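Written below as structure tokens is the structure these notes are about.
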């Protein structure tokens, strides 16, 4: 969430100046974009994917290797509102 704020309100987040600048420059090349944040509690699937990529050293992307079963189950639960 802090990085979203760093892009949207850079003066309020000087510690993230470098990252915010890099993101804004990349976003300038896209005609239409939006940026929003969500709490970890509301974005469990993305958090679990990020955790598995970093903590389990999964350097190959899920697109290349296939989606793990736990993620399919989690996405289905999320879609069903469980």
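In our numbering, the protein residues as written are 41 to 122. Glycine residues also receive a C-beta, built at the ideal position from the N, C-alpha and C atoms. What you are looking at is a predicted structure, and each value in this text was computed from that prediction instead of being measured.
- Nearest C-alpha to residue 76 among 43, 114, 94, 115: 43.
- By the beta-carbon neighbour count (other beta carbons within 10 angstroms, threshold 16), residue 121 is exposed.
- Following the DSSP letters along the chain, one finds residue 63 inside the alpha helix (DSSP H) bounded by residues 57-68.
- With a contact defined as Cβ atoms closer than 8 Å, residue 63 and residue 89 miss out at about 20 Å.
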